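**Student:** Below are the structure tokens for one structure; questions will follow.
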Amino acid sequence: MTAPYVIRDVADPWAMRALEDVQVAAWGYADREVLPGTMFRISAATGGIVLGAYPASGVGGDVDVPVGLAYGFPAVVGGQTWHHSHLLAVRPEWRGSGLAVALKLAQRERARAQGHTRMTWTFDPLVARNARLNLGKLGAVARSYHPDWYALSADRHAAEPADRLMIEWELTREHAERPPEPAEGAVALAALPDTAPGEVVTGLDAGRVLVEVPTRPETLSVETRRAWRLALREALGTYLDTGFEVSGLARDGERALYVLTRRG
């Protein structure tokens with residue numbers, strides 16, 4: 292079947308400006324949080340990758356109004372280079388269309404053409420639907436946990452922690468979707484009957500560890516959501532620091548659980 296969208300490199304400054312609206316639609320960003328078109332412009336001229344997704348002709352909608360974007364740039368740390376993907380955004384009405392995966396695969400092609408063998412990006416560990424995209428559909432893994440990665444409000448102490456998992460995607464192998472994981476392994480974190488997180492169990496002597504994550508964090512109270520963030524920080528951070536990687540997301544009925552396996 293023909294995809295209902297087309298993905299193309301964005302080089303025109305006015306087309307880059309239109310990508311600002313995609314960020315607002317996708318995440319409800321305030322003005323100061325939106326990555327401006329001017330940054331896309333200079334980045335694209337210096338090795339960055341700026342992709343826009345647009346409705347295909349005949350699908351409906353203006354073919355020049357973007358419905359998604361992917362953006363990344365070359366990273367250089369300690370003499371190693373790779374491509375870091377900073378933004379992936381899809382308008383809400385286009386979610387579930389396969390566009391997010393298509394944008395990431397297009398970004399992968401361009402990063403490989405530049406000679407990169409690895410791509411990284413971050414995601415919120417409290418958002419299980421993103422985990423399914425990153426770990427399952429794209430077949431990537433997470434190997435490091437970063438507390439307070441972003442400052443999302445002016446008050447350090449009152450802000451909800453903006454922790455992130457760092458995804459690593461190997462680009463030398465052909466892309467393959469990882470099948471759904473079975474909910475099997477030693478449980479390091481599980482929900483209590485009242486939806487709050489239970490105690491974190493560290494030091495499990497197992498090759499496969501499960502860490503539960505709420506499937507609808509937006510319905511939780513502020514206090515319960517914060518408790519989950521801190522519990523995930525302890526569980527994921529501890530096991531990633533001791534030789535594990537997050538390699539998948541398992542479902543057990545209505546429950547979602549991160550699958551952690553020992554690095555090979």
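According to the numbering used here, the residues represented by the sequence shown are 292 to 555, in order. Backbone N, C-alpha and C define an ideal beta-carbon position, used for all residues, glycine too. All values reported here derive from a predicted model rather than from experimental measurement.
Just to confirm the assignment, what range does the alpha helix (DSSP H) spanning V313 have?
**Tutor:** P304 to W318 is the extent of the alpha helix (DSSP H) around V313.
**Student:** State whether the segment 415 to 428 contacts the segment 357 to 375, with contact taken as three or more CB pairs (one from each stretch) at a distance under 8 angstroms.
**Tutor:** With a cut-off of 8 angstroms, the segment 357 to 375 and the segment 415 to 428 do not count as touching, because too few Cβ pairs lie within range.
**Student:** Take the Cβ of V354 as the centre, count every other Cβ of all protein chains shown within 10 Å, and call the residue buried at 16 or more, exposed below.
**Tutor:** Classification for V354: exposed.
**Student:** Find the nearest neighbour of V492 within the set R524, L310 and I340, judged by alpha-carbon distance.
**Tutor:** Among R524, L310 and I340, the Cα nearest to that of V492 is on R524.
**Student:** Helix or strand or just coil, what does DSSP make of R354?
**Tutor:** Per the sequence shown, the amino acid found at residue 354 is Val instead of Arg. Here V354 sits in coil by DSSP.
**Student:** Report the three-state DSSP secondary structure of A522 (helix, strand or coil).
**Tutor:** A522: helix per DSSP, three-state reduction.
**Student:** Indicate whether the contact test is met: 3 or more Cβ pairs, each with one atom in the segment 519 to 539 and one in the segment 429 to 439, closer than 8 angstroms.
**Tutor:** The answer is yes - the segment 429 to 439 touches the segment 519 to 539, with three or more Cβ pairs under 8 angstroms.
**Student:** Could you name each continuous beta strand (DSSP E) segment of 3 residues or more that falls completely within the segment 413 to 453, going from the start of the chain to the end?
**Tutor:** Taking only runs of at least 3 residues, the beta strand (DSSP E) segments lying wholly in the segment 413 to 453 are 432 to 437.
**Student:** Ends of the alpha helix (DSSP H) at G369?
**Tutor:** Run containing G369: none; DSSP gives neither H nor E here.
**Student:** Does L342 come out as helix, strand or coil in the three-state DSSP assignment?
**Tutor:** Strand, per DSSP.
**Student:** Since E400 is in the alpha helix (DSSP H), which residue starts that stretch and which ends it?
**Tutor:** Note, E400: alpha helix (DSSP H), L390 to A404.
**Student:** May I ask you to report which of helix, strand or coil DSSP gives T552?
**Tutor:** If DSSP states are grouped into helix, strand and coil, T552 belongs with the strands.
**Student:** Using the C-alpha atoms, what's the distance from P346 back to A397?
**Tutor:** Roughly 16 angstroms separates the two Cα atoms.
**Student:** Counting Cβ pairs, one atom from each stretch, are 3 or more of them under 8 angstroms apart for the segment 446 to 466 and the segment 501 to 511?
**Tutor:** No, because fewer than three Cβ pairs between the segment 446 to 466 and the segment 501 to 511 fall closer than 8 angstroms, the two stretches do not touch.
**Student:** May I ask you to verify whether the segment 498 to 505 touches the segment 540 to 550, counting CB pairs closer than 8 angstroms and requiring at least 3?
**Tutor:** Yes, the segment 498 to 505 is in contact with the segment 540 to 550.
**Student:** Take the Cβ of H374 as the centre, count every other Cβ of all protein chains shown within 10 Å, and call the residue buried at 16 or more, exposed below.
**Tutor:** H374 should be labelled buried.
**Student:** Starting from the C-beta of V315, find all residues in its chain whose C-beta is less than 7 angstroms away, skip the five residues before and the five after it, and write them out in chain order.
**Tutor:** These residues qualify, in order along the chain: V325.
**Student:** Among residues of its own chain, excluding the 5 on either side of A422, which ones have a beta-carbon nearer than 6 angstroms to its beta-carbon?
**Tutor:** Cβ neighbours of A422 beyond the five flanking positions: L540.
**Student:** How about L394 and A361: do their beta carbons lie closer than 7 angstroms?
**Tutor:** Yes, the Cβ-Cβ distance between L394 and A361 is below 7 angstroms.
**Student:** When you compare only the Cα positions, how much space is there between E451 and A518?
**Tutor:** C-alpha separation (whole angstroms): 10 angstroms.
**Student:** Check the DSSP bridge columns for G359 and list the partner residues they point to.
**Tutor:** Answer by DSSP bridge pairing, in chain order: A344 and V381.
**Student:** Measuring CA to CA, which of V356, E490, H407 and A453 is closest to L480?
**Tutor:** Residue E490 is the option with its Cα nearest to L480.
**Student:** Are the CB atoms of L456 and A477 within a distance shorter than 7 angstroms?
**Tutor:** No, Cβ-Cβ distance for A477 and L456 is not below 7 angstroms.
**Student:** If we ignore side chains and look at the alpha-carbon of each, how far apart do I458 and F331 end up?
**Tutor:** Roughly 22 angstroms between the two C-alpha positions.
**Student:** What is the C-beta distance between L427 and P471, in whole angstroms, given that I count them as a contact (C-beta under 8 angstroms)?
**Tutor:** Strictly speaking, residue 427 in this sequence is Gly, with Leu absent from that position. 7 angstroms between Cβ atoms; contact.
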